[in-house]
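Taking it in order: structure first as structure tokens, then the write-up.
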Amino acid sequence: MHPLSILLLGLAMSTDAFAAAVGKGAAMLRPRWHDAVRTGLVFGVVEAIMPIVGWALGSFAERYIEHWDHWIAFALLSALGLHMIWKALHQGEAAAGAPRTGLWAIALAGLATSIDAMAVGVGLAFIEVNILLVSLVIGLCTFTMVTAGVMAGRALGALIGRRAEIAGGVILILVGAAIVYEHVFAG
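Numbered according to mature numbering (1 follows the signal peptide of the UniProt record, and there is no 0), the sequence shown spans residues -19 to -1, 1 to 168.
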């Protein structure tokens, strides 16, 4: 997998967490750096673990579907991307609610926003990729985006949250298309 594709994947996987962090920051009276870093760290660690879990699950099935693996990766990434776009366009502001600030609440929010990363991990099991590197990039992107999102949340509020999630969905679809291109035309 091309390094730019890995970076774009990391950014795409962090957009829903970023949107949640913007909402969290908007709901806080005055977000402080230690709150933002703590939230970013929890989200980043959870988001980094989930692709490995998905990759392990997908690796079991690889030998049965190796001739269609690139199409499966494309379908999973595209479906996730379309779902992110749909969710951003159809979810009301009231659905997000005011996020809680306890560690368990942050961990649960991190888990909720990282289910798509597990599905991406399943798709990545069917292509040749260093899953530890991809997971590290996803975790670092998420840490950075969530930390910035909490701090920017007060100023940005709901204005950018949905747009970031739409952009993340489009990026997932493009990464899926790049996987098919690399497998069909470059391989």
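No residue lacks a Cβ here, since even glycine has one placed at the ideal position from N, Cα and C. Given the structure is predicted, the values throughout are model-derived calculations rather than measurements.
Per-residue burial, proline 12 [other beta carbons within 10 Å of its own, 16 or more giving buried]: Around the beta carbon of proline 12, 16 or more other beta carbons lie within 10 angstroms, which makes this residue buried.
Can you grab the Cα-Cα spacing for the pair aspartate -4 / tyrosine 45, in whole Å? C-alpha separation (whole angstroms): 32 Å.
Is glycine -10 closer than 7 Å to valine 118 when the C-beta atoms are compared? Less than 7 Å divides the Cβ of valine 118 from the Cβ of glycine -10.
Whole-angstrom distance between glycine 83 and alanine -8, CA atom to CA atom: Cα to Cα, the separation comes out at about 26 Å.
Using three-state DSSP, classify glutamate 28 as helix, strand or coil. Under the three-state reduction of DSSP output, glutamate 28 falls in the helix class.
Give the range of the alpha helix (DSSP H) segment to which alanine 98 is assigned. It spans 96 to 105 - the alpha helix (DSSP H) in which alanine 98 sits, taken as one unbroken run.
Since I believe cysteine 122 is in contact with serine -15 (beta carbons under 8 Å), could you give me their beta-carbon distance rounded to a whole number of angstroms? In fact, because the Cβ distance is near 13 Å, the residues do not count as touching under 8 Å.
For glycine 102 and isoleucine 112, which I take to be in contact (beta-carbon distance under 8 Å), what is that distance rounded to the nearest angstrom? With a beta-carbon spacing of about 7 Å, glycine 102 and isoleucine 112 fall inside the 8 Å limit used to define contacts.
How many Å lie between alanine 90 and isoleucine 96 at the Cα? Distance from the CA atom of alanine 90 to the CA atom of isoleucine 96, rounded to whole angstroms, is 11 Å.
Using a Cβ-Cβ cut-off of 8 Å (strictly less than) and excluding sequence neighbours within five positions of residue 176, which residues of its own chain qualify? Nothing about residue 176 can be read from this structure; the chain reaches only from -19 to 168.
Tell me the rounded alpha-carbon separation between valine 151 and alanine 42. Straight through space, the alpha carbons of alanine 42 and valine 151 are spaced by roughly 27 Å.
On the criterion of 16 or more Cβ atoms from any shown chain inside 10 Å, does valine 3 qualify as buried, or is it exposed? In the assembly as shown, valine 3 is a buried residue. Its beta-carbon has 16 or more other beta-carbons within 10 Å.
Among residues of its own chain, excluding the 5 on either side of isoleucine 66, which ones have a beta-carbon nearer than 8 Å to its beta-carbon? The residues are Glu146, Ile147, Gly150, Val151.
By alpha-carbon positions, which one of Val27, Ile154, Gly21 ends up nearest to threonine 125? Selected option, being the one with the closest Cα: Gly21.
Determine the contact status of histidine 51 and valine 161, defining contact as a CB-CB distance below 7 Å. Yes, the pair counts as a contact, with Cβ atoms nearer than the cut-off.
Taking the alpha-carbon positions, what's the glycine 35 to leucine -12 distance? The alpha-carbon atoms of glycine 35 and leucine -12 are separated by roughly 19 Å.
Spatial distance of glycine 104 from isoleucine 53 (CA atoms): Cα-Cα distance, rounded: 7 Å.
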